[in-house]
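Notes follow the structure.
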Amino acid sequence: MSSFSDRLLGRVRLGGLLAVAAPLLAIVFAGLVTSLILALTGNPPLETMKLLADYGAQSRTIVMIINLATTYYISALAVAIGFRMNLFNIGVDGQYRLAALIAAAVGGALVLPAPLHVGVTILVAVAVGGIWASIAGLLKVTRGVSEVISTIMLNAIATGVGAWLLTTDRLAVAVSGSNNIGTKPIPPSGQFPGFSLIPGTQAQVFGFVVIAALLGIGYHVLFNRTRFGFDLRATGKSESAAIASGVNVKKMVLLTMIISGAVAGLVGMPQLLGASYSYSLDFPPGLGFTGIAIALLGRNNPVGIAIGALLWSFLDNSSDILDLEGIPKEIVIIMQGTIVLSVIVAYELVHRYRLAAEQRRVSRELSTNAPAPLEGAAA
Amino acid sequence: MEAVISTSTSPATATDNAVELEGITKRFPGVVANRDIRLSVRPGHVHAIVGENGAGKSTLMKILYGMQRPDEGVIRVNGSPIAFRSPADAIAAGIGMVHQHFMLADNLTVLENIILGSEPRRRGVGIDFALARAKIAEISAAYGLGVGPDVLVEDLGVGARQRVEILKVLYRGARILILDEPTAVLVPQEVEELFGNLRRLVDQGLTIIFISHKLDEVLSVADAITVIRRGTTVASVDPKDVTARQLAELMVGSELPSPETRESTVTDQVALAVRNLTVRDADGRAVVEDVSFDIHKGEVLGIAGVEGNGQAELVEAVMGMRPAQGVIKLGDADVSAWPTLRRREGGIGYIPEDRQRHGLLLESPLWENRILGHQTRKPNVKGPWIDRAGARADTQRIVTEYDVRTPGIDVDAAALSGGNQQKLIVGREMSGDPVVLIASHPTRGVDVGAQAAIWDHLRAARAAGLAVLLISADLDELIGLSDSLKVILRGRVVADVDPGHVTPERLGSAMTGAKDEITPAPPPATGVVPEPPGPATTGIKGGAVPEQPGPPTGGSPDQLGSAKADAGEEA
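Chains as they are written, first to last, in the UniProt record's numbering: chain E, 1 to 379; chain A, 1 to 571.
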């Protein structure tokens with residue numbers, strides 16, 4: 001039957017209402033644990049939650065939540081692509097940082113008409129992410145190196161390479177009015193326009209949210225409607241059965257790693273093309289690791305990941321208000337951790353419940369059909 | 001139906017028994033692993049439990065050792081009913097288990113391995129090594145195990161490691177030992193040593209439950225034998241009263257429908273030709289060596305052999321799942337360099353030996369399983385896209401035509417019983433219009449009804465011109481379905497056998513390497529059945545019995561028949 005990691009990574013389906021029961025159970029449980037911690041640290045739980053909710057409902061915060069969630073969503077999709085076939089791409093972090101840096105440098109150096117300029121920049125990011133990830137893929141298929149180890153190492157290497165590239169001798173220029181350095185800013189023709197979605201604020205939603213949504217749809221179509229996706233899922237569910245059915249598992253590993261890395265290359269794009277237009281020392285780090293947590297939270301389902309990304313982003317953004325009220329905002333990190341753990345536990349509980357229920361159902365059916373010969377016990 | 005040969009252990013004396021199982025039933029979704037198991041083990045006995053792979057021995061032992069809880073039934077240990085929640089409960093009740101695969105830490109000494117997890121304490125914190133050493137020396141001497149406490153386990157041979165495992169169990173106070181296939185990893189001399197140890201243990205009043213499917217070993221060591229078939233206990237016998245052949249018949253059952261196909265449909269067109277095929281394992285040892293054969297259209301070629309003699313590797317090499325040297329031709333095309341997918345597209349169908357690992361995605365619905373292995377062909381795909389409607393419609397067709405009992409095509413494959421899973425696989429592999437079908441143990445672990453249905457499908461396909469490579473441990477199936485038979489031993493084809501003139505027992509002796517009885521022999525004279533000498537290498541499966549130069553063809557069933565009559569009187 002399924003292993004714990006299968007269930008962890010959402011490769012086992014839960015039917016009907018049970019699919020909803022698990023996340024609800026998890027959120028209720030996470031709420032209880034957080035309340036307990038708040039109460040223990042001398043903060044009123046209910047008021048704190050209310051503060052978060054109120055601040056999170058403001059127009060400006062909503063825009064920020066959507067924007068950050070867009071980034072998280074792409075990151076989690078990149079991780080989920082690997083998860084669907086048992087590949088743990090821990091290297092999304094390094095892949096997106098390197099991709100964003102090089103894409104920013106190319107975008108800043110180019111002079112092209114608007115759509116082409118954006119397109120080329122994005123293409124560079126996708127290519128860099130894919131190539132960087134392919135190193136781990138190649139190591140795995142040719143030398144059997146665990147992709148967990150190699151991607152973690154490649155993260156460190158990406159940090160080093162990035163630091164080397166991001167100096168004024170090479171790709172960076174000094175940012176005026178500060179001691180920050182960054183790539184040459186991308187001119188307006190290379191910027192991805194945002195739009196005003198939420199009334200009551202000047203802040204604009206990243207145009208990249210559309211790309212993220214398309215990626216989500218593409219993810220669903222790829223996995224559920226194409227032969228490639230079928231092979232990929234089959235490999236993830238049972239490598240032995242996939243081999244017997246003629247799937248070239250090595251090729252699948254390499255391709256999946258490259259696709260995962262290519263999507264990871266897009267993670268920095270909403271920020272780069274929609275807000276900062278330059279890769280500087282303060283470009284947001286660590287998005288790849290958040291993506292792992294959100295992919296787990298969303299159980300590799302594109303809609304689940306969207307909900308997870310929004311929840312995570314909501315907690316990140318609305319936590320700013322807590323500091324003003326004298327409540328440590330780190331409480332939110334505890335909440336996020338608790339939610340991930342309780343989702344995993346809840347799915348495990350619901351899965352066991354389902355197994356037991358099915359076992360009972362089988363027993364019932366067997367006893368009602370007593371005269372028929374029983375499978376495995378035809379005596 | 002059930003053959004129960006008279007037994008020396010009468011259930012009436014239940015309170016005297018070391019272990020008593022009554023009506024034990026264990027269900028997993030879609031399968032009944034154990035049904036109505038009855039077992040009485042007398043103290044001071046070596047009690048053997050024999051059955052084919054997949055007959056339910058392991059599940060039974062897991063229940064007895066507290067690793068699984070039965071759905072129904074009573075376990076009594078020394079007369080009192082007990083419910084085990086975990087192996088700790090079983091250990092507390094004096095039951096210990098020696099697993100087939102040793103659970104020892106190589107980098108620790110024998111002493112450390114033995115006390116691991118139940119260390120004697122000194123003043124609450126320290127480990128009292130002196131006490132442990134004394135206790136181990138005492139146990140080792142008492143039972144003649146001869147294990148030095150300060151040797152590193154990595155320096156020990158397999159037989160000594162097994163004695164450490166036994167010592168470990170005894171150290172925890174076990175009086176009832178379960179040994180799961182203990183001889184599987186031993187060479188013949190070590191087996192003799194082990195049996196010597198076991199005798200000393202029972203002489204000291206311990207009870208041993210011995211699981212095996214090697215009949216000669218069972219007959220030489222056991223005081224009582226219980227046979228398990230298809231999840232239930234079918235007989236309890238005294239080893240003095242049975243022959244290996246009778247035991248084998250009890251294991252595989254004699255009520256099987258006949259797989260007989262006599263009128264030949266063999267043509268002269270070669271569908272699959274294999275020449276000088278050699279497969280090497282990771283160490284470079286040849287596991288299949290220089291095997292050549294032709295299968296013609298309409299022919300079933302059976303491969304007989306004791307399991308583990310290269311059949312699995314042969315099949316995987318033909319499927320392209322395993323690198324091999326030699327030439328494989330499908331029709332006129334040399335497919336030796338083709339990947340698995342291309343061979344499948346070229347018309348090789350594949351019923352894998354282990355359907356759950358190689359044939360199905362257990363956690364996927366049936367219609368997705370229909371696509372598996374056919375993901376480049378109609379009606380499953382249109383170009384790069386999965387054709388959901390086409391695949392679903394065709395799955396429905398297979399379910400109907402092949403009588404797959406299921407509530408629908410959207411249920412997971414795991415929810416189906418083994419027989420219905422197998423029917424789905426057979427239906428799927430037949431749907432690709434195969435030229436060649438490779439059928440590995442096509443009816444293993446399926447119920448009798450499904451078995452007959454699968455045989456019918458194979459016969460019909462053969463009549464329609466399909467070439468079949470059949471690998472099976474069921475000798476009746478092999479002899480009945482095959483047009484020609486090859487015997488494989490240690491990776492080499494050692495004999496060609498005419499299935500029309502061979503009996504299961506003669507085929508069985510050919511499988512173990514006995515050279516004398518391969519050609520069709522004149523009907524042997526009726527008379528005394530010689531006691532089997534029991535070659536040490538016979539890993540007997542599915543009715544393969546140690547070499548018996550000429551049992552009277554009609555004699556044994558008669559003996560069995562009278563045994564059944566006895567059972568009838570007793571029951």
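Glycine is no exception: its CB is placed at the ideal position from the N, C-alpha and C atoms.
Interface residues of chain D facing residue i [CB-CB closer than 8 Å]
i	result
A:VAL50	Of the protein chains in this structure, namely E and A, none is chain D.
C-alpha gap between residue i and residue j, whole angstroms
i	j	result
A:ASP16	A:SER40	10 Å
A:ILE351	A:MET61	30 Å
A:LEU272	A:GLU505	29 Å
E:VAL28	E:ASN67	26 Å
A:ASN78	A:GLY94	10 Å
E:LYS140	E:GLU147	6 Å
E:HIS220	E:GLU330	35 Å
A:LEU152	A:ASN107	6 Å
A:GLY298	A:ASP155	55 Å
E:THR159	E:GLN95	10 Å
E:VAL350	A:ALA248	44 Å
E:LYS237	E:VAL267	27 Å
E:ILE152	E:ALA293	16 Å
A:ASP566	A:ASP474	Residue placement at A:ASP566 is poorly supported in this model, since its pLDDT is 38, which falls under 50; the coordinates are not used for a value here.
A:SER236	A:GLY408	41 Å
E:GLY107	E:GLN271	14 Å
E:VAL20	E:ASN300	15 Å
A:GLN325	A:THR395	37 Å
A:VAL287	A:GLY144	38 Å
A:THR443	A:ALA141	49 Å
A:HIS101	E:ASN155	39 Å
E:PRO328	E:GLY286	21 Å
E:PRO284	E:LEU36	31 Å
E:ILE258	A:SER364	26 Å
E:THR290	E:GLY144	27 Å
E:LEU296	E:ASN89	13 Å
E:ILE62	E:TYR73	16 Å
A:GLY419	A:LEU366	14 Å
A:ARG377	A:SER431	11 Å
6 Å Cβ shell around residue i - same chain, five flanking residues per side excluded
i	result
A:ARG342	none
A:GLU289	THR278, GLY491, ARG492
A:ARG76	GLU20
E:SER196	GLN204
A:GLY427	ILE398, TYR402
Close Cβ partners of residue i (< 8 Å) along its chain, the five nearest in sequence each way excluded
i	result
A:SER118	TYR171, ARG172
E:SER245	ALA234
For residue i, the first and last residue of its enclosing beta strand (DSSP E)
i	result
A:VAL234	232-237
E:GLY182	181-183
A:ARG275	270-280
E:ARG225	From DSSP, E:ARG225 is part of no beta strand (DSSP E) but of the alpha helix (DSSP H) over 208-225.
A:VAL227	224-229
Enclosing alpha helix (DSSP H) for residue i [first to last residue]
i	result
E:ALA78	59-83
A:ILE139	129-143
Same chain, Cβ closer than 7 Å to residue i, five either side skipped, listed in chain order
i	result
E:VAL253	LEU87, GLY137, LYS140, VAL141
E:GLU325	LEU51
E:ASN180	SER280, LEU281, ASP282
A:GLU368	LEU361
Specify whether the stretch 396-408 of chain A and the stretch 307-319 of chain A touch according to this definition: at least 3 beta carbon pairs, one from each stretch, less than 8 Å apart.
no
Which runs of the alpha helix (DSSP H), 4 residues or longer, sit entirely within the stretch 147-194 of chain E?
147-165
Specify whether the stretch 306-319 of chain E and the stretch 58-78 of chain E touch according to this definition: at least 3 beta carbon pairs, one from each stretch, less than 8 Å apart.
yes
Can you list the beta strand (DSSP E) stretches of 3 or more residues lying completely in the stretch 167-194 of chain A, in chain order?
176-180
For the stretch 34-83 of chain A, list the alpha helix (DSSP H) runs that are entirely contained and at least 4 residues long, ordered along the chain.
57-64
I'd like to know if the stretch 186-202 of chain E and the stretch 112-129 of chain E are in contact, where contact means that at least 3 CB-CB pairs between them fall below 8 Å.
yes
Evaluate the contact criterion for the stretch 188-196 of chain A versus the stretch 226-236 of chain A: three or more CB pairs, one atom per stretch, below 8 Å.
no
Can you find at least 3 beta carbon pairs, one from the stretch 275-282 of chain E and one from the stretch 158-176 of chain E, that sit closer than 8 Å?
yes
Ordered list of beta strand (DSSP E) runs contained in the stretch 303-362 of chain A, each at least 3 residues
325-330, 348-351
Assess contact between the stretch 202-212 of chain A and the stretch 118-127 of chain A, defined as three or more Cβ pairs (one per stretch) separated by less than 8 Å. Is contact present?
no
At what residue ranges does the stretch 297-334 of chain E contain a whole run of the alpha helix (DSSP H), taking only runs of 4 or more?
302-318, 320-324
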